[in-house]
Each structure stands twice: as C-alpha cells, then as structure tokens.
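One structure is given here, and the rest of the page talks about it.
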Amino acid sequence: MAIEKKTNPILVCLIKDLKAQARKEEAPIWRDVAERLEKPSKNWAEVNLSTIQRCTSDGDLVLVPGKVLASGFFNKKLTVGAFKASEKARTTIEKSGGKFLTIREMAEKNPKGSGIRIMG
1 MAIEKKTNPI LVCLIKDLKA QARKEEAPIW RDVAERLEKP SKNWAEVNLS TIQRCTSDGD
61 LVLVPGKVLA SGFFNKKLTV GAFKASEKAR TTIEKSGGKF LTIREMAEKN PKGSGIRIMG
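Take 1 as the starting number for the sequence shown in my numbering and just add one per residue.
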C-alpha cells in the first residue's frame, strides 16, 4: 500500500520521518516500522501486556508498530513504544515503573534504534 492512501496526516508524517531517519542514521529498524505502518491498520499488530510480560526482561525497550492492549498481568519496568495504546495499558505500564512513549518519541530518544525489540 502506498503512503498516499493513508488519510491520517499524523501517520503519513510519521512514516515519512521514520524513513528519513532510517536513511540518515543507517538504522533499518525505523524503515521496518514505517513499512509496517504503511499496511492497512486492520493488519497492524495488537499486542497484549501479558505477551510483553512473557517475552521481555526488566529494562528492555519494546516497540509495537500498532496498538498495545491492557489484557493480562504486567509488572515489569519497561519502556514501551507504540502508535496507540489503550488508556488502561498506559496506566498499567506507568504503575509498574515503566514508561510509555509514542513511536516518534522513541525514535527521537534512540535514533539508531539500538536495543529495541519489535513485538507484533
């Protein structure tokens, strides 16, 4: 799907910026995320907190190119980045001592994309 088909101007700008950052920083992770976001949103990842809990360790950087949902037990101190998250998921992440960031914020804090684990 071409980027012109997306109607959300924030998403279109994010995809463009991620591709530019991938070229500038030679960080293929951002191109991968941009390509995943270009797909129809019904095909985007939807990851539950229980899955993140099961597949990560404290201190990990996790990126979900889609939406984080609040289902399941979660108590790890992680930095989780996603395009969207349910309000309950954000609250649960923050109560456990972790941080929730948007994909743009994560890309700004970690331009090379090192140490980031993509889930979904």
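Beta carbons: idealized from backbone N, C-alpha and C, even for Gly.
DSSP-derived helix/strand/coil call for residue i
{"i": "Glu26", "result": "coil"}
{"i": "Leu101", "result": "strand"}
{"i": "Lys88", "result": "helix"}
{"i": "Ala82", "result": "strand"}
{"i": "Lys67", "result": "strand"}
Close Cβ partners of residue i (< 8 angstroms) along its chain, the five nearest in sequence each way excluded
{"i": "Lys84", "result": "Gly66, Lys67 and Val68"}
{"i": "Lys122", "result": "Outside the displayed range of the chain (1 to 120) lies residue 122, so it cannot be described from this structure."}
{"i": "Ala45", "result": "Arg36, Val64, Pro65, Gly66, Lys67, Met119 and Gly120"}
{"i": "Gln186", "result": "For the chain, the structure presents residues 1 to 120; residue 186 sits outside this window and is missing."}
6 angstroms Cβ shell around residue i - same chain, five flanking residues per side excluded
{"i": "Lys77", "result": "Asp58, Gly97 and Gly98"}
{"i": "Ile103", "result": "Gly81 and Phe83"}
{"i": "Ser86", "result": "Leu69 and Ala70"}
{"i": "Gly72", "result": "Asn48, Leu49 and Ser50"}
{"i": "Ile93", "result": "Val80 and Phe100"}
{"i": "Glu25", "result": "Pro111 and Lys112"}
CA nearest to the CA of residue i, picked from the options
{"i": "Leu18", "options": "Lys5, Glu105 and Lys88", "result": "Glu105"}
{"i": "Arg117", "options": "Asn75, Glu38, Lys95 and Pro28", "result": "Pro28"}
{"i": "Cys55", "options": "Ala22, Ile10, Asn75 and Arg23", "result": "Asn75"}
{"i": "Asn8", "options": "Thr91, Arg23, Pro40 and Arg90", "result": "Pro40"}
{"i": "Ala34", "options": "Lys16, Arg23, Asn43 and Lys88", "result": "Lys16"}
Cβ shell of residue i (< 7 angstroms), same chain only, five flanking positions each side left out
{"i": "Gly115", "result": "Leu61"}
{"i": "Arg90", "result": "Phe100"}
- Kindly provide the ranges of any alpha helix (DSSP H) runs that are 4 or more residues long and lie completely inside the segment 6 to 54, ordered along the chain. 9 to 25 and 28 to 38
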